[in-house]
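Here is the structure we will look at.
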Amino acid sequence: MDYMKKLLPILAFLVTLASCRERPAVVRDTIPYVKQIAVDTTGAFALVSTYRTAGTKGSIAVIGEPDPASRLASFLMAADNVDNIDGKPAPDRLPDFAGESFDIILDLYNAPYIRMAASSPDSLREVAVRNAVTAVDTVAYSNALDPKSRLVTSRAKVFVLASSLLSEYGKFDIDTLFKMAGREPLILTPVEAMLKTAADAGFKSVAVWAPEEARSAYEHVARTLVPQMDVTVVSTTGNGILRPAFRDMLRIYRSLKPGTNLDAVLLDSFLVDVEELESEKEHIHRQITEEDMAFDRILMPHFRFIEPNASLTSALYRLLREKNMFTHNIAYPTVRYYQTEENRDGEFVPVEVSASYLSSRSNPAPYVPDID
Numbered sequence: 009m010d011y012m013k014k015l016l017p018i019l020a021f022l023v024t025l026a027s028c029r030e031r032p033a034v035v036r037d038t039i040p041y042v043k044q045i046a047v048d049t050t051g052a053f054a055l056v057s058t059y060r061t062a063g064t065k066g067s068i069a070v071i072g073e074p075d076p077a078s079r080l081a082s083f084l085m086a087a088d089n090v091d092n093i094d095g096k097p098a099p100d101r102l103p104d105f106a107g108e109s110f111d112i113i114l115d116l117y118n119a120p121y122i123r124m125a126a127s128s129p130d131s132l133r134e135v136a137v138r139n140a141v142t143a144v145d146t147v148a149y150s151n152a153l154d155p156k157s158r159l160v161t162s163r164a165k166v167f168v169l170a171s172s173l174l175s176e177y178g179k180f181d182i183d184t185l186f187k188m189a190g191r192e193p194l195i196l197t198p199v200e201a202m203l204k205t206a207a208d209a210g211f212k213s214v215a216v217w218a219p220e221e222a223r224s225a226y227e228h229v230a231r232t233l234v235p236q237m238d239v240t241v242v243s244t245t246g247n248g249i250l251r252p253a254f255r256d257m258l259r260i261y262r263s264l265k266p267g268t269n270l271d272a273v274l275l276d277s278f279l280v281d282v283e284e285l286e287s288e289k290e291h292i293h294r295q296i297t298e299e300d301m302a303f304d305r306i307l308m309p310h311f312r313f314i315e316p317n318a319s320l321t322s323a324l325y326r327l328l329r330e331k332n333m334f335t336h337n338i339a340y341p342t343v344r345y346y347q348t349e350e351n352r353d354g355e356f357v358p359v360e361v362s363a364s365y366l367s368s369r370s371n372p373a374p375y376v377p378d379i380d
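Under this note's numbering, the first residue of the sequence shown is numbered 9, with each subsequent residue one higher.
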């Protein structure tokens, strides 16, 4: 134990350098909770050491607040955007994630994250790490107050963070912990997924419509992932009505970037009604008022909205295909939902709540592909 205590600061420093080698010169330190785990090699650190990315076994863990995480889960379960044989962008009436298992961790106990990001960002970083460790554990519960009500779960092979705040306050620490255990975690975030979607489309100028608390998440990633792209984060404080809020966003963007056109707006929300935004965009194109004409001059002809559900769905498919991690089972994807609740010791634990969240498709008849 004394040896580990002496070695830990050196390991933490070296891993931090490795994790940040593409960042500017400032070296970021991990949170005390990660260092605490690394010292106690018999507990969470041992779980992290079991993490594997080779082969096809393991689940896909989606981690976030209940509404965003469950909305993303619905997208992933229903996705049929590519041909499962050759990966080309053409639906084939076979779910893109056929045969995969999804564990959805609905972090009710710690929501809303925006409150934690504003008041105690290190606490949010710890929450992210705790949920990642939960995803590689094989134990969950059917009742938070009964420690004997244990359930067997699968270990995660990929982590999908359904929150831009977890991207900023948590991904680095999850990555650091796993690298301390000699593992390379596969972590997807909406921030990276949406920025990559914009880059793949060849876009040069985008606005990110996000709360102020998420600003640094996008600015940090943009500097390293898409340095050639002009990325402007815009926050609005409107009345909560989508169409006027979109116009407020365009007004702010015009004031921040006069004379600059927009290729896309990245939407920092898993719940936003994109169809309503598209309708407002078409209204602007009709140029009924002088403001409409001014806004229309900003929006490029190929302008589009980029939202996290579709971007993460594409990113996950691409990752599993590139890493050869698909199960290749001809069956509907399966999903289990876990909600974080407080146990007798005042800790948050995962409690299965599948009955409350599964849709009618979650327990279908065996899948039989269509034959033309």
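Backbone N, C-alpha and C fix where the C-beta goes; we use that ideal spot for every residue, glycine too.
Problem set entry | For L320, the residue or residues it bridges with in DSSP | For the purposes of this step, residue 320 is taken as the residue at position 312 of the sequence shown. Partner(s): none; L320 has no beta bridge.
For this session: With DSSP collapsed to three states, give me the class of A272.
Result: Counting from 1 along the sequence shown, the entry for residue 272 is found at position 264. In the displayed model, A272 falls within a strand according to three-state DSSP.
Exercise. Can you name the start and end residues of the beta strand (DSSP E) that T240 belongs to?
Worked result: Sequence index remark: in the sequence shown, residue 240 carries index 232 (1-based). For T240, the enclosing beta strand (DSSP E) covers residues 238-242.
Problem set entry | Limits of the unbroken beta strand (DSSP E) element including E350 | By one-based count along the sequence shown, residue 350 stands at place 342. 342-350 is the extent of the beta strand (DSSP E) around E350.
Problem set entry | Backbone CA spacing between A33 and E288 [nearest angstrom] | Taking the first residue of the sequence shown as 1, we reach residue 33 at position 25. Taking the first residue of the sequence shown as 1, we reach residue 288 at position 280. Note that A33 scores 35 on pLDDT, short of 50, meaning its location in the model is unreliable; the coordinates nonetheless yield the value given after this. A33 and E288 have their C-alpha atoms some 43 Å from each other.
Exercise. Which same chain residues, not among the five before or five after A126, have their C-beta less than 7 Å away from its C-beta?
Worked result: Here residue 126 refers to the residue found at position 118 when the sequence shown is read from its first residue. Taken in chain order, the residues that qualify are E221.
Exercise. If you run the structure through DSSP and keep just helix, strand and coil, what is H310?
Worked result: Translated into positions along the sequence shown, residue 310 becomes position 302. Correct three-state label for H310: strand.
For this session: Take every Cβ of the region 234-249, pair it with every Cβ of the region 206-214, and state whether three or more of those distances are shorter than 8 Å.
Result: These segments touch.
For this session: Put P252 into one of helix, strand or coil per three-state DSSP.
Result: Walking along the sequence shown from the start, residue 252 turns up at place 244. P252 sits in a helix when the DSSP states are folded into three classes.
Exercise. Looking at C-beta atoms only, is the number of pairs between the region 162-170 and the region 345-363 that lie closer than 8 Å three or more?
Worked result: Below 8 Å, too few C-beta pairs join the region 162-170 and the region 345-363 to call them touching: fewer than three.
Exercise. From A119 to T245, what does the alpha carbon distance come to, in whole angstroms?
Worked result: As a first step, residue 119 must be located in the sequence shown, where it is residue number 111. As a first step, residue 245 must be located in the sequence shown, where it is residue number 237. Cα-Cα distance, rounded: 20 Å.
Exercise. If D88 and D104 are in contact, beta carbons under 8 Å, what's the gap, nearest whole angstrom?
Worked result: Locating residue 88 in the sequence shown gives position 80, counting from the first residue. Locating residue 104 in the sequence shown gives position 96, counting from the first residue. Right, their Cβ atoms sit about 6 Å apart.
Exercise. Looking at the structure shown, is V361 part of a helix, part of a strand, or coil, going by DSSP?
Worked result: Translated into positions along the sequence shown, residue 361 becomes position 353. In the structure shown, V361 sits in coil (DSSP, three-state: anything other than H, G, I, E or B).
Problem set entry | I71 in three-state terms, based on DSSP | Counting from one through the sequence shown, the residue named residue 71 turns up at place 63. It is a strand residue.
Exercise. Taking the DSSP output, what are the residues bridged to Y149?
Worked result: Along the sequence shown, one-based indexing puts residue 149 at 141. Answer is R158, V359.
For this session: Can you check DSSP and say which residues form a bridge with A164?
Result: Against the sequence shown, residue 164 aligns to sequence position 156. Bridge partners of A164: S67.
Problem set entry | Where D304 falls: helix, strand or coil (DSSP) | Locating residue 304 in the sequence shown gives position 296, counting from the first residue. If DSSP states are grouped into helix, strand and coil, D304 belongs with the helices.
For this session: Would you identify the three-state DSSP class for L174, choosing helix, strand or coil?
Result: As a working mapping, residue 174 is identified with position 166 in the sequence shown. Reduced to three states, the DSSP call for L174 is helix.
Problem set entry | Bridge partners - S109, DSSP secondary structure assignment | Stepping through the sequence shown from its first residue, residue 109 is reached at position 101. Note: S109 is bridge-paired with T342 in the DSSP secondary-structure output.
For this session: Quick one: residues in its chain with C-beta nearer than 6 Å to the C-beta of E315, no 5 flanking neighbours on either side, listed in chain order?
Result: Residue numbering aside, residue 315 sits at position 307 when the sequence shown is read from its first letter. These residues qualify, in order along the chain: L275, V282.
Problem set entry | V56 - DSSP class collapsed to helix/strand/coil | Residue numbering aside, residue 56 sits at position 48 when the sequence shown is read from its first letter. In the three-state reduction of the DSSP assignment, V56 falls in the helix class.
For this session: Mind checking who I195 pairs with in its DSSP beta bridge?
Result: Translated into positions along the sequence shown, residue 195 becomes position 187. DSSP lists F167 as partners of I195.
Problem set entry | Beta-carbon proximity list for E30, same chain, < 7 Å, skipping 5 on both sides | To locate residue 30, count along the sequence shown from 1; it is residue 22. Only weak support exists for where E30 lies, its pLDDT of 41 falling under 50; the value from the coordinates is given anyway. Excluding residues within five positions, the ones whose Cβ falls inside 7 Å are T232.
Exercise. What is the DSSP secondary structure of A86, reduced to helix, strand or coil?
Worked result: On the sequence shown, residue 86 is found 78 positions in, with the first residue counted as 1. Annotated three-state conformation of A86 is helix, per DSSP.
Problem set entry | Simplified DSSP assignment, three categories, for A215 | Along the sequence shown, read from residue 1 onward, the residue named residue 215 stands at position 207. Assignment of A215 by DSSP, reduced to helix, strand and coil, places it in the strand class.
Exercise. Given A77, which residues of its chain have a CB within under 6 Å of its CB, disregarding the five upstream and five downstream residues?
Worked result: Here residue 77 refers to the residue found at position 69 of the sequence shown. Around A77: V70, I112, L114, A170.
Exercise. Going by the beta-carbon positions, is the gap between A46 and M188 smaller than 7 Å?
Worked result: In the sequence shown, residue 46 corresponds to position 38, counting from 1. In the sequence shown, residue 188 corresponds to position 180, counting from 1. Against a cut-off of 7 Å, the Cβ pair of M188 and A46 comes out as a contact.
Exercise. In whole angstroms, what is the alpha-carbon distance linking N332 and A218?
Worked result: As a position in the sequence shown, residue 332 is number 324, starting the count at 1. As a position in the sequence shown, residue 218 is number 210, starting the count at 1. So the alpha carbons of these two residues sit roughly 34 Å apart.
For this session: Helix, strand or coil for L327, going by three-state DSSP, please let me know.
Result: Translated into the one-based positions of the sequence shown, residue 327 becomes position 319. Three-state result, L327: helix.
Problem set entry | Cβ neighbours of R223 in the same chain (closer than 6 Å, five flanking residues each side left out) | For the purposes of this step, residue 223 is taken as residue 215 along the sequence shown, with counting starting at 1. If we look at R223 and ignore the five residues flanking it on each side, its Cβ neighbours are V241.
For this session: Would you mind reading off the limits of the alpha helix (DSSP H) that contains P40?
Result: In the sequence shown, residue 40 corresponds to position 32, counting from 1. Note, P40: alpha helix (DSSP H), 40-47.
For this session: Determine the DSSP secondary structure at L285, reduced to helix, strand or coil.
Result: Along the sequence shown, one-based indexing puts residue 285 at 277. For L285, the secondary structure class from DSSP, reduced to helix, strand or coil, is helix.
Problem set entry | Assigned exposure category for D130 - 16 Cβ within 10 Å defines buried | Counting from one through the sequence shown, the residue named residue 130 turns up at place 122. Burial call: exposed.
For this session: Give the straight-line distance between the Cα atoms of A148 and Y117, rounded to the nearest whole angstrom.
Result: For the purposes of this step, residue 148 is taken as the residue at position 140 of the sequence shown. For the purposes of this step, residue 117 is taken as the residue at position 109 of the sequence shown. Going by the C-alpha atoms only, they are around 15 Å apart.
Exercise. Grouping DSSP H, G and I as helix and E and B as strand, with all else coil, what is L185?
Worked result: By 1-based counting over the sequence shown, the position of residue 185 is 177. In the three-state DSSP reduction, L185 falls in the helix class (H, G or I).
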